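Student: Just so you know, we're using my numbering here: the sequence shown kicks off at 1477 and counts up by one.
Yeah, the Cβ is synthetic: ideal placement off N, Cα and C, and Gly gets one too.
Bear in mind the structure is a predicted one, so any value in this text is a computation, not a measurement.
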Amino acid sequence: MTVEYRCPICSEPLARDGNSLGCANRHQFDYAKEGYINLLPVQFKRSKQPGDNLEMVQARRAFFATPHYQFLQHALATLIANQHPNSVIDLGCGEGFYTHAIAEALDENCSVYGLDISKPAIKYAAKRYEKPNFSVASSKDAPFKEACANVVLSVFAPVFAKESARLLDEEGTLIVVSPGPHHLHELKQKIYDDVRLHQAPECPDGFNQVEQVLIQEVHAIETDVISHLIKMTPFAWKFKPSHFEDLSKQPHHDITLSFLVTQFKKSQ
Ligand SMILES: C[S@@+](CC[C@H](N)C(=O)[O-])C[C@H]1O[C@@H](n2cnc3c(N)ncnc32)[C@H](O)[C@@H]1O
Ligand SMILES: [Zn+2]
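1) Check whether the Cβ atoms of VAL1737 and LEU1567 lie closer than 8 Å to each other.
2) Once you ignore the five residues that flank ILE1651 on each side, which residues in its own chain have a CB closer than 6 Å to its CB?
3) What are the uninterrupted segments assigned as alpha helix (DSSP H) that are 4 or more residues long and contained completely in the stretch 1480-1560, given in chain order?
4) Going by C-alpha to C-alpha distance, which of ALA1491, ASN1495, ALA1623, ALA1508 sits closest to ASN1501?
5) Answer yes if the stretch 1624-1641 comes into contact with the stretch 1679-1686, meaning at least three C-beta pairs across the two stretches below 8 Å, and no otherwise.
6) Determine whether the beta carbon atoms of ILE1697 and PHE1547 lie at a separation below 8 Å.
7) Beta carbon of PRO1634: closer than 7 Å to some heavy atom of ligand 1?
8) When the distance is taken between beta carbons, is GLY1656 closer than 8 Å to ALA1597?
9) In three-state terms, what does DSSP make of PHE1573?
10) Return the bridge partner residues of PRO1655 from the DSSP annotation.
11) Do PHE1505 and ILE1513 have their beta-carbon atoms positioned less than 8 Å apart in this structure?
12) Roughly how many angstroms lie between the CA atoms of ILE1583 and GLY1511, to the nearest whole one?
If you want it as structure tokens, here you go:
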């Protein structure tokens, strides 16, 4: 089983021709110089710049340059390598931090694909990481043929149940990483009077939950690094200059980093 791209316009298989992919209906897509392929036709874009913008991508990259999320990166790569897949698709892969580690942990003949709707994210990913195949596209209408993946992964990214089920083969696993109940609790306490705990993800339609583990560590994180971390969160806009001033009174803060890794199989 191999992952094959399909045309985002007519769903016919895409075949490589030099530096392009084309279908039988003469729709053609060119590889960018960084090595990714843009399979998000202009007419399918809901906004001019869908997905994470450059500032968010750069904040994530600056944060990932520190060791704080390496324990999740390592746990995911190990979990997936132990399943011995031939094909993995990382949906909403961002700048490829996890996609890259997974590709490194798997043997040569396993194909790893990373897809994101954000062009700046994929540009960064493809420029830096050689092994995975990166594309700009939407996970809601992923440009891959049916049942081509053993593992579909979503790390802090939207999950589209029907499309994930279409991509997975019968025995395939959908792995969803979401915030654990106390993820970034200390930061949220700075901005909310009543901090709500994160809930476990709902089981996507057409799947059964087969396993769930909580991976959690408390790290002393430097205040400068925390500002990158905040920019990666949905509550970044809540952090006012006064909150940052408050944070900067200490050189570092203990922050809970907590992740739920949930595995689902297709219900038969
Ligand atoms: C919180 S980020 C996580 C990125 C990456 N998985 C990580 O953990 O570093 C969510 C990502 O989902 C992407 N995204 C949002 N909607 C999407 C869609 N419909 N299709 C593909 N990617 C999408 C965003 O552009 C962003 O890169
Ligand atoms: Zn086509």
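Tutor: Reading it off the structure:
1) By 1-based counting over the sequence shown, the position of residue 1737 is 261. By 1-based counting over the sequence shown, the position of residue 1567 is 91. No, they are not a contact pair.
2) Sequence index remark: in the sequence shown, residue 1651 carries index 175 (1-based). Within the same chain, ILE1651 has close Cβ partners LEU1629, GLN1739.
3) The alpha helix (DSSP H) runs lying completely inside the stretch 1480-1560 and spanning 4 residues or more are 1530-1540, 1546-1557, given in chain order.
4) As a first step, residue 1501 must be located in the sequence shown, where it is residue number 25. When each option's Cα is compared against that of ASN1501, the closest is ALA1491.
5) yes
6) Against the sequence shown, residue 1697 aligns to sequence position 221. Against the sequence shown, residue 1547 aligns to sequence position 71. The answer is no: Cβ separation not under 8 Å.
7) Position 158 of the sequence shown, counting from 1, holds the residue named residue 1634. PRO1634: yes, Cβ under 7 Å from ligand 1.
8) By one-based count along the sequence shown, residue 1597 stands at place 121. By one-based count along the sequence shown, residue 1656 stands at place 180. Note that the C-beta distance between ALA1597 and GLY1656 is not below 8 Å.
9) Working through the sequence shown from its first residue, we reach residue 1573 at position 97. Helix at PHE1573.
10) For the purposes of this step, residue 1655 is identified with residue 179 of the sequence shown, where counting begins at 1. The partner list for PRO1655 (beta bridge, DSSP) reads PHE1735.
11) For the purposes of this step, residue 1513 is identified with residue 37 of the sequence shown, where counting begins at 1. For the purposes of this step, residue 1505 is identified with residue 29 of the sequence shown, where counting begins at 1. The answer is yes: Cβ separation under 8 Å.
12) Start at 1 with the first residue of the sequence shown, and residue 1583 comes out as number 107. Start at 1 with the first residue of the sequence shown, and residue 1511 comes out as number 35. The sequence as given places Asp at residue 1583; Ile does not occur at that position. So the alpha carbons of these two residues sit roughly 21 Å apart.
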